[in-house]
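The opening residue of the sequence shown carries number 1 in my numbering; numbering runs sequentially from there.
C-beta atoms are modelled at their ideal positions from N, C-alpha and C, and glycine is treated no differently.
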Amino acid sequence: ASEKFPFEWFRIRKFGDNSLLTYKHYYPERAEINTHCDEFETKILDAEQFEKILSALNFSKLVTVNKKRDLFKHEDLFEVVLDTVEGLGYFIEIEALKDFGSVESARKKLFEYAEQLGLDVSKADKRGYPYLMMKKEGFI
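Take a look at the structure:
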């Protein structure tokens, strides 16, 4: 059965001659808006062959997200990225690098930091690029 709001997926990220496989599991499950996710990542030698393996196991590609990313780190606390996403536009993404003790505490610190940067946190979108692309393509 197809999920209205998929909460887990694989991502194959290609950059230069390198490729990474990432498994993401979003919480709360089956919710349109997520609070956080588990993320496990490993290098893969041949992305095209791995895509064939996934296809042979009946996984299907839903969307492709093409983006240009500029990455910055603030001390050892936050990672800030400026993304230009093909078909979606421009985004700023902030991720906690430090364990703040709880998801709620990390979210509070992230929003405080975003406000220090002059960002309007009421415009924050926590659904991610795959969700936005799936919505644009009519999958959800």
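Taking the Cβ atom as the reference point for each residue, do E93 and V103 lie within a distance shorter than 8 angstroms? One-based indexing of the sequence shown puts residue 93 at position 93. One-based indexing of the sequence shown puts residue 103 at position 103. No. Outside cutoff.
Could you pull out every residue in the same chain whose Cβ sits closer than 6 angstroms to the Cβ of K135, ignoring the five residues on either side in sequence? Position 135 of the sequence shown, counted from the first residue, corresponds to residue 135. Closer than 6 angstroms at Cβ, skipping near neighbours: no residue.
For V63 versus E137, is the C-beta spacing smaller than 8 angstroms? Here residue 63 refers to the residue found at position 63 when the sequence shown is read from its first residue. Here residue 137 refers to the residue found at position 137 when the sequence shown is read from its first residue. In this structure, E137 lies closer than 8 angstroms to V63 by Cβ.
Quick check: what's the CA-CA separation for V85 versus L71? Walking along the sequence shown from the start, residue 85 turns up at place 85. Walking along the sequence shown from the start, residue 71 turns up at place 71. So the alpha carbons of these two residues sit roughly 14 angstroms apart.
Sequence-distant residues of the same chain with beta carbon closer than 8 angstroms to K67, five excluded per side: In the sequence shown, counting from the first residue as 1, residue 67 sits at position 67. Only D83, T84, V85, E86, Y129 meet the Cβ criterion.
Under 8 angstroms Cβ to Cβ from I33, same chain only, skipping five residues before and after it: list those, please. Looking up residue 33 in the sequence shown gives position 33. The residues are K126, R127.
DSSP beta-bridge partners of Y26: Taking the sequence shown and counting its residues from 1, the one referred to as residue 26 is at position 26. DSSP lists C37 as partners of Y26.
Does DSSP put A96 in a helix, a strand or coil? By 1-based counting over the sequence shown, the position of residue 96 is 96. Of the three classes helix, strand and coil, the one that applies to A96 here is strand, per DSSP.
With C-beta atoms as the reference, is T22 less than 8 angstroms away from E48? Within the sequence shown, the letter at position 22 stands for residue 22. Within the sequence shown, the letter at position 48 stands for residue 48. The answer is no: Cβ separation not under 8 angstroms.
If you draw a straight line from the alpha carbon of F139 to that of K61, how long is it in whole angstroms? One-based indexing of the sequence shown puts residue 139 at position 139. One-based indexing of the sequence shown puts residue 61 at position 61. Computed Cα separation, rounded: 12 angstroms.
Quick one: residues in its chain with C-beta nearer than 8 angstroms to the C-beta of L97, no 5 flanking neighbours on either side, listed in chain order? The count along the sequence shown starts at 1 and reaches residue 97 at position 97. Cβ neighbours of L97 beyond the five flanking positions: K73, D76, L77, F78, E79.
In its own chain, which residues sit with a C-beta less than 7 angstroms from the C-beta of A114, not counting the 5 before and 5 after it? Locating residue 114 in the sequence shown gives position 114, where the first residue counts as 1. These residues qualify, in order along the chain: I94, V121.
7 angstroms CB neighbourhood of E29 in its chain, flanking five on each side removed: The residue labelled residue 29 in the question sits at position 29 within the sequence shown. Closer than 7 angstroms at the Cβ level, and outside the excluded window around E29, lie F7.
Taking K52 as part of the alpha helix (DSSP H), name the residues at either end of that continuous run. Translated into the one-based positions of the sequence shown, residue 52 becomes position 52. Per DSSP, the unbroken alpha helix (DSSP H) holding K52 starts and ends at 47–56.
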